[in-house]
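Notes to accompany the following structure.
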Amino acid sequence: MNKLILLLGAICGFTISYFLSGKTEGQQGIIKSFIFTVGQYNVHIHHWIIALIILIALLYFGFYNDFVHGLLLGLIIQGLMYRDFYKFISHV
Numbered sequence: 120m121n122k123l124i125l126l127l128g129a130i131c132g133f134t135i136s137y138f139l140s141g142k143t144e145g146q147q148g149i150i151k152s153f154i155f156t157v158g159q160y161n162v163h164i165h166h167w168i169i170a171l172i173i174l175i176a177l178l179y180f181g182f183y184n185d186f187v188h189g190l191l192l193g194l195i196i197q198g199l200m201y202r203d204f205y206k207f208i209s210h211v
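If you want it as structure tokens, here you go:
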């Protein structure tokens, strides 16, 4: 594992996510949030969850690339900085 490449990937992932996502909770970013409606509820799949699922899948299937893993970690870290990072369900 090349820690410098991993760190570079994390910085890139964090920066990309920071500039493409909303600046505050609830604000729409350049890339639209993944929200769908189920009955009377909105379900929000946060970008950090998507990145985490991809990272777990890559590890499960034995794919390892320091930059890609760093990139995904950067996305995850940036997503966890929102105060509502744990809120997935809200009323319509």
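In this note's numbering, the protein residues as written are 120 to 211.
Ideal placement from N, C-alpha and C gives every residue a C-beta, glycine not left out.
Here the structure is a predicted model, which means the values were calculated and not measured.
For residue i, three-class secondary structure by DSSP
{"i": "residue 204", "result": "coil"}
{"i": "residue 138", "result": "helix"}
Best match in the options for proximity to residue i [C-alpha to C-alpha]
{"i": "residue 121", "options": "196, 193, 189 and 203", "result": "189"}
{"i": "residue 139", "options": "128, 173, 152 and 186", "result": "152"}
{"i": "residue 135", "options": "157, 149, 144 and 145", "result": "149"}
{"i": "residue 125", "options": "191, 198, 197 and 137", "result": "191"}
{"i": "residue 171", "options": "157, 159 and 187", "result": "187"}
{"i": "residue 161", "options": "182, 145, 197 and 175", "result": "145"}
Any non-hydrogen atom of the ligand PLP closer than 8 Å to residue i Cβ
{"i": "residue 160", "result": "Ligands displayed in this structure: none; no statement on the ligand PLP is therefore possible."}
TODO: Please list the segments of the alpha helix (DSSP H) lying wholly inside the stretch 143-199, counting only runs of 4 or more residues, in order along the chain.
DONE: 166-179 and 185-198
Task: the stretch 160-171 in contact with the stretch 193-205 per 3-pair CB rule at 8 Å - done: yes
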